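Peer 1:
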């Protein structure tokens, strides 16, 4: 089955896709994320018929195929096969052209287009997703949405700290069981580590804790320090 989340509102697109992934994420699925950096020719073809060693279904997140010509071409070529697969494919994209949407609808794929005019119930954990991608622009925009939604800076620090902590556990252990976390967050954290040099995650975690304590101690303005921290990731 193929579900596509697209549109000119990247924050909302990712929020909706994240909600879908969280909805189905359980022991029944093994989750794999594919983006332009870890894509290799044939990976989608292999994913269509993939089966877990433990009998689980597979959930593949295709993150912005349009950022790579080969990635996009393979994704377009195999939309029919993806939609007919027993595995679930969640595609995240920007604004699609009319012929692209028509082709997706023709094969029966579920397409949800999200624009700047679409009403949104803010999902704060989209911030951890942006941090894992090292996407500071989206993370900064999400921070503003978090504030508008009444989420405190302290709560935001907690969400970001959770993601960094999971990444540190993934850096220091070999599997989710040893790390004491569920499989999907561990796998996501392991993939996220590819975007950071060794030691960077620890430094970011230490810096985040420092501004949190300084903010509570009245030494700095936590909201301004948090924005500066995000722009420095």
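Residue numbers (this note's numbering): 2 to 234.
For each residue, glycine too, the CB sits at the ideal point set by N, CA and C.
Only a predicted model underlies this, so the values are computations on that prediction, with no experimental measurement involved.
By the DSSP assignment, the beta strand (DSSP E) with residue 111 in it spans what residues?
Peer 2: Unbroken beta strand (DSSP E) run through residue 111: 111-114.
Peer 1: Is the separation between the beta-carbon of residue 64 and that of residue 93 shorter than 8 Å?
Peer 2: Yes; because the gap between Cβ atoms is below 8 Å, this pair is in contact.
Peer 1: Could you give the DSSP three-state label for residue 174: helix, strand or coil?
Peer 2: Correct three-state label for residue 174: coil.
Peer 1: In whole angstroms, what is the alpha-carbon distance linking residue 85 and residue 3?
Peer 2: Whole-angstrom Cα-Cα distance: 8 Å.
Peer 1: In angstroms, rounded to a whole number, what distance separates the CA positions of residue 125 and residue 81?
Peer 2: Approximately 33 Å, taken between the alpha carbons.
Peer 1: Quick one: give me the first and last residue of the beta strand (DSSP E) that residue 59 is part of.
Peer 2: 58-64 is the extent of the beta strand (DSSP E) around residue 59.
Peer 1: Under the assumption that residue 91 contacts residue 102 (Cβ atoms under 8 Å), give the Cβ distance between them as a whole number of angstroms.
Peer 2: 17 Å between Cβ atoms; not a contact.
Peer 1: Grab the span of the alpha helix (DSSP H) containing residue 128 for me, first residue to last.
Peer 2: From DSSP, the alpha helix (DSSP H) with residue 128 extends over 127-133.
Peer 1: Considering just the uninterrupted stretch of the beta strand (DSSP E) at residue 90, what are its terminal residues?
Peer 2: It spans 89-93 - the beta strand (DSSP E) in which residue 90 sits, taken as one unbroken run.
Peer 1: Exposed or buried, which one is residue 176 when buried takes at least 16 other CB atoms within 10 Å?
Peer 2: Exposed, by the Cβ-count rule.
Peer 1: Go ahead and label residue 189 buried or exposed: buried means 16 or more other beta carbons lie within 10 angstroms of its beta carbon, across all protein chains shown.
Peer 2: By the neighbour-count rule (16 or more Cβ atoms within 10 Å), residue 189 is buried.
Peer 1: Whose C-beta lies closer than 7 Å to the C-beta of residue 105 among residues of the same chain, with five residues either side of it excluded?
Peer 2: The residues are 5, 80, 112.
Peer 1: Within 10 angstroms of its Cβ, does residue 115 collect 16 or more other Cβ (buried), or is it exposed?
Peer 2: Burial call: buried.
Peer 1: Report the three-state DSSP secondary structure of residue 234 (helix, strand or coil).
Peer 2: In the structure shown, residue 234 sits in coil (DSSP, three-state: anything other than H, G, I, E or B).
Peer 1: Between residue 59 and residue 16, is the Cβ-Cβ spacing less than 8 Å?
Peer 2: No, these two residues do not count as a Cβ contact at 8 Å.
Peer 1: For the candidate residues 145, 219, 76, whose alpha-carbon lies nearest to that of residue 110?
Peer 2: Closest option to residue 110, Cα to Cα, is 76.
Peer 1: Decide if the stretch 162-169 is in contact with the stretch 199-206; the criterion is three or more beta carbon pairs, one per stretch, under 8 Å apart.
Peer 2: The stretch 162-169 vs the stretch 199-206: in contact.
Peer 1: Helix, strand or coil for residue 80, going by three-state DSSP, please let me know.
Peer 2: In the structure shown, residue 80 sits in a helix (DSSP, three-state: H, G or I).
Peer 1: If we count the other Cβ atoms within 10 Å of its Cβ and call it buried at 16 or more, is residue 144 buried or exposed?
Peer 2: By the neighbour-count rule (16 or more Cβ atoms within 10 Å), residue 144 is buried.
Peer 1: Within this structure, are the beta carbons of residue 88 and residue 61 separated by less than 8 Å?
Peer 2: In contact: residue 88 and residue 61 (Cβ atoms closer than 8 Å).
Peer 1: By DSSP's criteria, residue 35 is part of a beta bridge. Which residues make up the other side?
Peer 2: 63, per the DSSP bridge assignment.
Peer 1: What residues are listed by DSSP as bridge partners for residue 4?
Peer 2: Answer is 91, 111, bridged to residue 4.
Peer 1: CA-CA distance, residue 178 and residue 221?
Peer 2: Between residue 178 and residue 221, the C-alpha separation is close to 39 Å.
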